[in-house]
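Taken in sequence, the protein lines are chains A and B. The opening residue of the first sequence carries number 5 in the working numbering; numbering runs sequentially from there. The opening residue of the second sequence carries number 102 in the working numbering; numbering runs sequentially from there. Report on the structure given below.
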Amino acid sequence: MGTIEAEEAGIYLYISDPARLKQTNLEIVTNLIKKEYDCIIVTTNIPSSLLAKLYTKNEIPMDRIHFIDTITKYSLGTIPALIPNTTFTSNPGNLTELGIAISEALKKRKGDTALIFDSISTLLIYLSSPNISKFIHFITNKIRLLDIRAVYLSAEKGLDPLLFTQISSIVDEIVEQKE
Amino acid sequence: MHSQTRGIRLTDTDTPGLSEYEILKRTFDAIEDPIFYLAPDSTILHANPASATLLNKALEEIIGSRCYQIVHHTPANIRGCPFIKAKKTKKRESYTINLGSHWYQVAIDPVLGDDGELIGAVHILTNIDSIKKIHELRAVLGAIIETTPDPIISETPDGNVLSWNRGAEETLGYTAEEMTGESIERIIPERLRQQHLETLAKIRRGERVERIETCRIRKDGEEIELSLSLSPILDERGITTGVAVIMHDLTEIRTAERALLAYITEAALRLKNPVEIIAHSIEEITDLHMKGEIDDEELHTSLIIQVRHIEKVVENIRELQQSIVLELDEIPESYRKFLMEEE
């Protein structure tokens, strides 16, 4: 996690063992919170309610977290009532809705903020590589203009070589998470 | 035989026991090629034993007969008879003839009298079965070379084009006329010219050259991938007089390979990796539930999410199948049917 501890803002691609994705997410968020960052978590696999429970258990202050949950509404057809700091989108494949949700969340930021995208490899179930690549370019440009941090999480071998090359070329650093 | 044959005067010799006539007669009889001596009216005046074997008749039966009767079985000289021509030209005339199951080259040498008038003609028949077979084989090979879609080129040992078949014209865009006599470097990308020179040197040294996969440039400037098989063209002494190059255009194979690679990659992304993530997620969820860290409702929610993922993966695979069926012409019909039935 040394890279995340760096002082300057940066954009990272985290490559994690599929079995450790949730743990990696937790480690990244814990670290950023320690560094006084607010976190916007885009989740495509784990429902935000479950992540919230996980963060709470690990003493992460939930007022510093904003979830963009792309999967709960899509899977259940409804959203849980009274969930603070959470934006639900209808479908992980709806990038327009996701783009708007990220923009809105970024507008509300108060201090140093980091965007954590968990995970690109799961998003590949719903979208083609070229569409994901375009979206990541769009979000990255936005983040650079706002001078904030971003972490794209991906499962190991979860990206095809072309998408990996494209994302590699726009991030500042690639971190390969080993066991 | 006291006449002049091509300026040689036949006279008696001092050969003990045998006259020059006898020597010539025996020589005539010893030659294995059938020989006839014809009078101007096509009557066979002399014939050697090989003639009798050829015509399967006794010499007595042959001598005195007209050539066209006994050889061609016609009432008069055949059309275009070279003997008739030789009577006019007073020079050697020749033609090929099929007798029985054999091919012969017939040479007719006119015999002139002192006044220069034709007094007869020697017909020598040479069996050319082996030559004919070689010619036929060459014709067949030539036809194969000419009709094959693969480019087949021959070059001099230093790389000038000697021949350029239709396949080469179609694949590389240059006509045989444009390429014959030209350096083969014209179709070799600059970066590969040294490699080609080294290959030619190997062939000149008699070394074996393995099939190589390389690139060549078409007339329109497009670079194409080819496999090349190079072999020496040897003369009777075993000296390399040229290089035969058989090319095979790999464009289609490479296209299919790239399509296959794209399919495998896509299938891995759409199936293997997501399933792996789903499997880990389910494992993790059940583990959390067993530890009491998530309740039944959360377990239910999480499992439904994974079910949605699986449904989407199945949908993706179906889409992939559909795109294969609709977009790839190269897939065999049986597989196409299978994929369509699966839809």
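By construction, the Cβ of each residue, glycine as well, lies at the ideal position given by its N, Cα and C atoms. Quick caveat, the model's predicted, so the values are computed rather than measured.
Practice item. Report the residue from A:Gln170, A:Ile120 and A:Ile171 whose alpha carbon sits nearest the alpha carbon of A:Leu36. Key: A:Ile120
Exercise for review: With 7 Å as the C-beta to C-beta threshold (strictly closer), list the residues of the region 366–380 of chain B near chain A in chain order.
Suggested key: Thr366, Leu370, Asn374, Pro375, Glu377 and Ile378
Check your understanding: Should the region 150–164 of chain B be regarded as contacting the region 183–194 of chain B, the criterion being three or more beta carbon pairs within less than 8 Å?
Key -> no
Check your understanding: If you measure from the CB of A:Ala118, is any heavy atom of the ligand GTP nearer than 7 Å?
Key -> Ligands in the displayed structure: none, and consequently the ligand GTP is not present.
Review point. CA-CA distance, B:His297 and B:Ile285?
Key: 9 Å
Check your understanding: Starting from B:His224 and walking both ways along the beta strand (DSSP E), at which residues does that stretch end?
Key -> Leu219 to Asn228
Exercise for review: Could you check the C-alpha separation between B:Arg110 and B:Gly217 for me, to the nearest Å?
Suggested key: Confidence is the limiting factor: at B:Arg110 the pLDDT is only 46, short of 50, which leaves the residue's position unreliable and the question unanswerable from this model.
Check your understanding: Using the beta-carbon count (16 or more within 10 Å), is A:Ile8 buried or exposed?
Key -> Because the pLDDT at A:Ile8 is just 49, under 50, the model does not fix this residue reliably, and the value given afterwards should be weighed accordingly. Counting Cβ neighbours within 10 Å, A:Ile8 comes out buried, since at least 16 surround it.
Check your understanding: In angstroms, rounded to a whole number, what distance separates the CA positions of A:Leu163 and A:Ser20?
Key -> 12 Å
Point to revise | Buried versus exposed, by CB contacts within 10 Å (16 or more), B:Asp396 | key: exposed
Check your understanding: Since A:Arg153 sits in a beta bridge, which residues does DSSP pair it with?
Key -> A:Ala118
Practice item. Measure from the alpha carbon of B:Arg287 to the alpha carbon of each residue in B:Ala177, B:Arg319 and B:Phe439, then state which is nearest. Key: B:Arg319
Review point. Closer than 8 Å, CB to CB, is B:Val310 near chain A or not?
Key: no
Exercise for review: For B:Ser104, collect the residues of the same chain with a Cβ closer than 6 Å to its Cβ; drop the 5 residues on either side in sequence, then sort them by chain order.
Suggested key: Bear in mind that a pLDDT of 41 at B:Ser104, under 50, signals an unreliable position, so the number given afterwards is only what the model happens to contain. If we look at B:Ser104 and ignore the five residues flanking it on each side, it has no Cβ neighbours.
Review point. What first and last residue would you give for the beta strand (DSSP E) that runs through A:Val175?
Key: No beta strand (DSSP E) holds A:Val175; DSSP gives it neither H nor E.
**Study point:** Where A:Asp164 meets chain B, residues with beta-carbon distance less than 9 Å
**Key:** Thr366, Glu367, Ala369 and Leu370
Practice item. Reducing DSSP to helix, strand and coil, say where B:Gly201 ends up. Key: coil
Review point. If you drop the 5 nearest sequence neighbours on each side, which residues of the same chain put their C-beta closer than 7 Å to that of B:Ala153?
Key: Ala159, Leu160 and Ile163
**Study point:** Which of helix, strand or coil DSSP assigns to B:Ile406
**Key:** helix
Practice item. Name, in chain order, the residues that DSSP records as bridge partners for B:Gln422. Key: According to DSSP, which records beta bridges pairwise, B:Gln422 is partnered with nothing at all.
**Study point:** Interface flag, A:Pro22 vs chain B, CB-CB below 8 Å
**Key:** yes
Review point. Looking only at C-alpha atoms, which of B:Ile383, B:Ile235 and B:Leu226 sits nearest to B:His410?
Key: B:Ile383
Review point. Does DSSP put B:Leu146 in a helix, in a strand, or in coil?
Key: strand
Exercise for review: Determine, using beta carbons only, whether B:Pro333 and B:Val344 come nearer to each other than 8 Å.
Suggested key: yes
**Study point:** One or two residues paired with B:Ile334 in a DSSP bridge
**Key:** B:Gly343
**Study point:** For B:Pro141 and B:Gly274, the rounded distance between their alpha carbons
**Key:** 58 Å
Exercise for review: Can you check DSSP and say which residues form a bridge with B:Ile395?
Suggested key: Its beta-bridge partners do not exist; DSSP assigns none.
**Study point:** Residue-level contact to chain B via CB, A:Ala159, 8 Å cutoff
**Key:** yes
**Study point:** Under 9 Å from the C-beta of A:Ile136: neighbouring residues of chain B
**Key:** Chain B residues near A:Ile136: none, gap ~11 Å exceeds 9 Å.
**Study point:** Residue closest to B:Val310, alpha-carbon to alpha-carbon, out of B:Ala240, B:Glu326, B:Cys316 and B:Leu331
**Key:** B:Leu331
Practice item. Helix, strand or coil for B:Ala159, going by three-state DSSP, please let me know. Key: coil
Check your understanding: Where do the ends of the beta strand (DSSP E) carrying B:Ser255 lie?
Key -> Ile253 to Glu256
Exercise for review: Step through the CB atoms of chain B and report whether any lies within less than 8 Å of the CB of A:Ile75.
Suggested key: yes
Point to revise | DSSP three-state assignment for B:Ser328, whether helix, strand or coil | key: strand
Exercise for review: Name, please, each residue of chain A whose Cβ falls closer than 8 Å to the Cβ of B:Thr402.
Suggested key: Pro51, Ser53, Leu54, Thr76, Ser79 and Leu80
Check your understanding: To which residues of the same chain is B:Val223 closer than 6 Å at the C-beta, ignoring the five residues directly before and after it?
Key -> Tyr138 and Asp210
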